[in-house]
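Taken in order, the sequence shown gives residues 191 to 367; the numbers are from our numbering.
From the three backbone atoms N, C-alpha and C, an ideal C-beta is built for every residue, glycine too.
If you're wondering where the values come from, they're calculated on a predicted model, not measured in any experiment.
To keep things clear, I will list the structure first and then write my remarks on it.
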Amino acid sequence: MKIYRLDFDVNNYKGIQLCEEADFDYYHMFDGTSLKDNWTTRKVEFYEEDEELKEGDAPGFNIPVFNKRALEVLFPLIKDEVELLELQLGDEILYGINVLKIIDAVNYDLSEYRTFRDGKRIMAFKKYVFRNEMIIGTNIFKIVDLPRGDVFVSEDFYNYVINNNLEGFKMELVYES
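Below, the structure written as C-alpha cells:
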C-alpha cells in the first residue's frame, strides 16, 4: 500500500488565485467541514507571472482544484470523500475539492514529527507512518492532527492520474507498507 501527499506542479503549470480579496478567508475554512450549503461560486484567475506556463488539469491553489477532465477521471474514485465547490475561471468552471474525509490514521510510535511547545499539538511531520486498517479503501483524506493541512491520496488515485495523463499534479510518496 502506498500513500502520496497531493500537491501541484506550480513550476511547470499555471496556478490560480482568488479575484476578490474578501474571499481570502476561505483558504482557512477547508478543515473537513462541509461548505456547500453556504458556498457561492468564487471567481479565480491565473497568476500573471505564470503567463508562459502551460495550463494543467489541476491548477496550483491552496486546495485541490480540478478541471472538468480531471474531475471526470477522478470523481468516481473520490466521490464519497469530498464535496465539489465551483470556481469560475473566465468562461470555464473549475472544481475546488473540499476533502471531507478526516481520519485518525497516523501511527505516532513510528512516525516522526515536531510538536509545539505544549508537547501535545503537532506542528509538522518529518516522516509519516499510517495504520493500514484506517486507510484501506480510502482514496483521498486528511489527518486529524492537521485538518487544514496536507491532502493524501492512495496508490489508485496516483495510478488514475498517471494512466490518464492528467497534468499539473505533483504527488510525493510519503508512506509504503
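Backbone secondary structure at residue i - three-state DSSP
i       : result
Met-191 : coil
Val-334 : coil
Glu-174 : The requested residue 174 is not part of the displayed model; the chain covers only 191 to 367.
Asp-199 : coil
Lys-226 : helix
Phe-306 : coil
Val-351 : helix
Exposed unless 16 or more other CB atoms sit within 10 angstroms - verdict on residue i
i       : result
Asn-329 : buried
Phe-306 : exposed
Ala-149 : This structure cannot settle anything about residue 149, because the visible part of the chain is limited to 191 through 367.
Ser-224 : exposed
Pro-254 : buried
Ser-344 : buried
Nearest candidate by alpha-carbon position, reference residue i, set the options
i       : options                            : result
Lys-258 : Tyr-365, Glu-357, Val-364          : Glu-357
Asp-299 : Lys-317, Val-255, Gly-286          : Lys-317
His-218 : Phe-347, Val-334, Gly-339          : Gly-339
Lys-226 : Ile-333, Ala-260, Pro-337, Asn-288 : Asn-288
Ile-292 : Phe-256, Val-341, Ile-312, Thr-231 : Val-341
Distance between residue j and residue i (C-alpha atoms, nearest Å)
i       : j       : result
Arg-195 : Leu-363 : 6 Å
Ala-248 : Asp-197 : 9 Å
Met-191 : Phe-220 : 27 Å
Ala-260 : Lys-233 : 19 Å
Could you tell me which uninterrupted beta strand (DSSP E) segments, each at least 3 residues in length, are contained entirely in the region 252–304, listed from first to last along the chain? 272–279, 282–289
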